[in-house]
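If you read the protein sequences in the order shown, they are chains Z and V. Here this note's numbering is used: the first residue of the first sequence is 39, the next is one more, and so on. Here this note's numbering is used: the first residue of the second sequence is 1276, the next is one more, and so on. Everything on this sheet refers to the single structure shown next.
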Amino acid sequence: MGEAVANLRSSAVRSSILFAALSVAFGSLAYLEVHQASDLLAFESSFQAAGGYVSIVSAQGGVSAGRCEGLNGMPGVVAAGAERAEGQATFSSAPGVLYQQYGITVGMPRVWATASSITRLPPTPGFFAGTALASELAVRAGLMLARVGESPVPLLAILDVSARAPQADRSLLEIIPPTGNADECWVEFTPKAFPGGSGAVAAAFAGGNGTPSVRAYISPDQFSRNPTSELKSRPQRNGWAIVALLVAGIFALVAWLRRAELGLYLALGTSRVTLATMLAMESWALVAAGWLAGMLWALAIQRATGNALTLGSIRLATVTSGSAALAVLVLAPILSVLVARGSIANLLKDR
Amino acid sequence: MSLSLHDIVHCYVSGGLPVLRGVSLTVELGESIAIVGPSGSGKTTLLTILGLLTEPTGGVVLIDGKPAPRPGAALSRLRAQRFGWIFQTANALPRRSVLDNAALGLVVQGWRRDAARARAADALAAVGVGHLAAQEARNLSGGELQRVCTARALATRPSFILADEPTGQLDHATSVQVIAALLHNRPYQTAVVIATHDTEIARECDRILHVVDGELREGLG
């Protein structure tokens, strides 16, 4: 440890050059990531909000509401819920106007209205209303609502389903138990699970009424970009390996230039293990400092140029440049030790 | 304690001409030996085999009558504890201080840095370069540097000091000073083996061995 620190301090110019090179390498990778990922993650977020990762299952004769609700426990499923059109109704406060009614299972509010926190059947009977219906009837949560010819029932909450289910926004929504058949089952996946989700969902409904058909809520041709594949194919996702090899190569080059020095350590009785430890400590100190500095300047430039800096993009930048740094932590000492391999007498000759 | 070579053969290329052929030699504690011979005769090879830096192609190296250990931690420990080295050129860490360079052998042995520096300072003073302790090694002249390396070798109080052409790049007056510093400041039981082509330096030693055609002969040849 002492020798590693003494070597770093005594070779201040070499250490500074290495530190600068590492900071540039890791920082460039982090900057590319944070810059491009901010845009992609924002797009992915809006794509997700628009229902980009939602699939709809339907079948001749309907789909099982119970099976649909059962998907909520499946890995990669954010939420799943079934809906059934329940005919039309009029309200005492707006006689003569017909409104559509939907029966929805308890998982559906989280698919149709992403901000919903409803996770179980309400304890008391009651309705939910879409925002358009609530606006037309001038009602708010907690008021009583009476269908013509029926007793008043409390309006439990108003759900904003306008983004994903605009057809239901001017509708009365009633939570129904997951029994019998529903018209459709809506399933929202995580971005990663979405591509393979259709097959899993179709399998879950196999053996029911008719052949289930699974379609994406947003058809692929509605968007010219696919954020998931763009995130997957961004060059820096694998670029970390190239940066790691490059930086580890720089360490190997430095070790090659120091081979007489390494030979001297060995000749004086330093074991190869101790020498490897010393070289590892020297490289680890520089890699840690270079990575940290690189991250800081990458984030600072992103911020200074007025670009978005999100937690998601910082996380991606940290993971990508951190992967490169970790790989260097492993590779640099190995390559340096390889350079110092072989005859000590030969190392001492290489001056 | 003794260091012996028995019937050493060494080739740098497999199947090639041997640099050393059937060399046998015993180094006793306290003696000084000069190995002379022209450039390329195998003096350095013989020295690195003696100092356990090179494994010979054939023959045996014995330390206290036992074969030298195979490469590994035990061999490294032996090198650190029993051997001191002075090489012809660039045998120091150029950007480290003279004091750190003189203390390097002790640090390698596991000494605490301040204790190593204290012993190294004494060794530097003994060879007449104590005033240079704070300088960077790269700023020293060749003669000063060789005396620093002599101090490094003496500081560990090794059983054997091996010097490979220690005055090869020095003028005559400086050469005499360096050799005097080495021979007169060593602990009485430390053996010194010097590879040199300078016969005047060789005459300072107790024994002179001559490498001729890969073989070792007594005398200046």
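From the three backbone atoms N, C-alpha and C, an ideal C-beta is built for every residue, glycine too.
Contact check, E299/Z vs L1368/V, beta carbons under 7 Å: Residue 299/Z sits at position 261 when you count from the first residue of the first sequence. Residue 1368/V sits at position 93 when you count from the first residue of the second sequence. Yes, Cβ-Cβ distance for E299/Z and L1368/V is below 7 Å.
W150/Z, DSSP secondary structure in three states: Walking along the first sequence from the start, residue 150/Z turns up at place 112. Of the three classes helix, strand and coil, the one that applies to W150/Z here is helix, per DSSP.
8 Å Cβ cut-off: residues of chain V touching G380/Z: Stepping through the first sequence from its first residue, residue 380/Z is reached at position 342. Here the premise fails: no neighbours, minimum Cβ distance about 11 Å.
Whole beta strand (DSSP E) elements within the segment 1355-1384 of chain V, 3-residue minimum: 1358-1361
Distance, G65/Z Cα to A342/Z Cα: Position 304 of the first sequence holds residue 342/Z. Position 27 of the first sequence holds residue 65/Z. The straight-line gap from Cα to Cα measures roughly 15 Å.
Beta-carbon neighbours of T1323/V, restricted to chain Z and to distances below 9 Å: Along the second sequence, read from residue 1 onward, the residue named residue 1323/V stands at position 48. Simply A305, S381, I382, A383, L386.
Endpoints, the alpha helix (DSSP H) within which W322/Z is located: As a working note, residue 322/Z is residue 284 in the first sequence. Here the alpha helix (DSSP H) through W322/Z covers 310-342.
Contact between the segment 1408-1422 of chain V and the segment 1331-1347 of chain V (3+ Cβ pairs under 8 Å): No: fewer than three Cβ pairs fall under 8 Å.
Residue range of the alpha helix (DSSP H) that includes T169/Z: Sequence index remark: in the first sequence, residue 169/Z carries index 131 (1-based). In this chain, the alpha helix (DSSP H) harbouring T169/Z covers 169-175.
Neighbour-count burial assignment, I382/Z, 16 or more Cβ in a 10 Å radius: Taking the first residue of the first sequence as 1, we reach residue 382/Z at position 344. Buried: at least 16 other Cβ atoms inside 10 Å.
Residue from A1401/V, T1329/V, Q1444/V, G1443/V with nearest C-alpha to L304/Z: In the first sequence, residue 304/Z corresponds to position 266, counting from 1. Selected option, being the one with the closest Cα: T1329/V.
Range covered by the alpha helix (DSSP H) that runs through V357/Z: Along the first sequence, one-based indexing puts residue 357/Z at 319. Note, V357/Z: alpha helix (DSSP H), 349-377.
CB contact check: S351/Z to chain V, cutoff 7 Å: Taking the first residue of the first sequence as 1, we reach residue 351/Z at position 313. By this cut-off, S351/Z is not an interface position.
Boundaries (first-last residue) of the alpha helix (DSSP H) holding R1413/V: Here residue 1413/V is taken as the residue at index 138 of the second sequence, counted from 1. Premise fails: R1413/V is in no alpha helix (DSSP H) and is neither H nor E.
R1482/V (DSSP reduced to helix, strand or coil): Sequence index remark: in the second sequence, residue 1482/V carries index 207 (1-based). In the structure shown, R1482/V sits in a strand (DSSP, three-state: E or B).
Bounding residues of the alpha helix (DSSP H) (the contiguous stretch that carries V281/Z): Counted from its first residue, the first sequence places residue 281/Z at position 243. Per DSSP, V281/Z belongs to the alpha helix (DSSP H) from 274-295.
Within the segment 1389-1472 of chain V, ranges of the beta strand (DSSP E) (whole runs, at least 3 residues): The segment 1389-1472 of chain V contains these whole beta strand (DSSP E) runs: 1435-1439, 1466-1471.
Test: T315/Z CB closer than 7 Å to a CB of chain V: Mapped onto the first sequence, residue 315/Z falls at position 277. No, its Cβ sits nowhere closer than 7 Å to a Cβ of chain V.
Start-end ranges of the alpha helix (DSSP H) lying completely within the segment 68-156 of chain Z, minimum 4 residues: 103-108, 146-150
Cβ contact check for the segment 263-275 of chain Z and the segment 129-139 of chain Z: 3 or more pairs under 8 Å: no
Beta-carbon proximity of Y137/Z to A206/Z, cut-off 7 Å: The residue given as residue 137/Z occupies position 99 in the first sequence. The residue given as residue 206/Z occupies position 168 in the first sequence. Between Y137/Z and A206/Z, the CB-CB gap reaches or exceeds 7 Å.
Partner residues on chain V for R49/Z, Cβ-Cβ distance less than 7 Å: If you number the first sequence from 1, residue 49/Z lands on position 11. The sequence as given places Ser at residue 49/Z; Arg does not occur at that position. By Cβ distance, chain V contributes R1370.
Neighbourhood of V149/Z by C-beta, 6 Å cutoff - its chain only, sequence neighbours within 5 removed: If you number the first sequence from 1, residue 149/Z lands on position 111. Within the same chain, and ignoring the five residues on either side of V149/Z in sequence, the residues whose Cβ sits closer than 6 Å to its Cβ are A117, G119, W224, E226.
Under 9 Å from the C-beta of L302/Z: neighbouring residues of chain V: Here residue 302/Z refers to the residue found at position 264 when the first sequence is read from its first residue. Result: W1360, F1362, A1365, N1366, A1367, L1368, L1379.
Contact set between A1355/V and chain Z, taken where Cβ atoms lie within less than 7 Å: Start at 1 with the first residue of the second sequence, and residue 1355/V comes out as number 80. By Cβ distance, chain Z contributes L306, G307.
Residues near L193/Z by beta carbon distance below 8 Å, same chain, minus five either side: Within the first sequence, numbered from 1, the residue matching residue 193/Z stands at position 155. Hits under 8 Å: G164, F165, F166, A167, A172, V177, R178, A179, G180, L181, M182, L183.
Reduced DSSP category for D1334/V - H, G, I as helix; E, B as strand; rest coil: One-based indexing of the second sequence puts residue 1334/V at position 59. Per the sequence presented here, residue 1334/V reads as Gly, with Asp not at that position. It is a strand residue.
Inter-residue spacing [alpha-carbon to alpha-carbon] between C1480/V and V292/Z: By 1-based counting over the second sequence, the position of residue 1480/V is 205. By 1-based counting over the first sequence, the position of residue 292/Z is 254. Going from the Cα of C1480/V to the Cα of V292/Z covers about 41 Å.
Host alpha helix (DSSP H) of V238/Z (start-end): Looking up residue 238/Z in the first sequence gives position 200. Strictly speaking, residue 238/Z in this sequence is Ala, with Val absent from that position. Per DSSP, A238/Z belongs to the alpha helix (DSSP H) from 232-243.
Contact check, A240/Z vs P233/Z, beta carbons under 7 Å: Position 202 of the first sequence, counted from the first residue, corresponds to residue 240/Z. Position 195 of the first sequence, counted from the first residue, corresponds to residue 233/Z. No; because the gap between Cβ atoms is not below 7 Å, this pair is not in contact.
Three-way DSSP call (helix, strand, coil) for V1294/V in this model: One-based indexing of the second sequence puts residue 1294/V at position 19. The three-state reading of DSSP puts V1294/V in coil, since its state is none of H, G, I, E or B.
P265/Z - containing alpha helix (DSSP H), residue span: Within the first sequence, numbered from 1, the residue matching residue 265/Z stands at position 227. Note, P265/Z: alpha helix (DSSP H), 265-271.
Length of the line joining the Cα atoms of R1388/V and I339/Z: As a working note, residue 1388/V is residue 113 in the second sequence. As a working note, residue 339/Z is residue 301 in the first sequence. Going by the C-alpha atoms only, they are around 43 Å apart.
First and last residue of the uninterrupted beta strand (DSSP E) at L1322/V: Taking the first residue of the second sequence as position 1, residue 1322/V is located at position 47. L1322/V -> not in any beta strand (DSSP E); alpha helix (DSSP H) instead, spanning 1318-1325.
DSSP three-state assignment for V1311/V, whether helix, strand or coil: For the purposes of this step, residue 1311/V is identified with residue 36 of the second sequence, where counting begins at 1. Correct three-state label for V1311/V: strand.
Rounded C-alpha distance that separates A390/Z from S53/Z: Beyond the ends of chain Z as shown, which are 39 and 389, falls residue 390/Z; an answer cannot be given.
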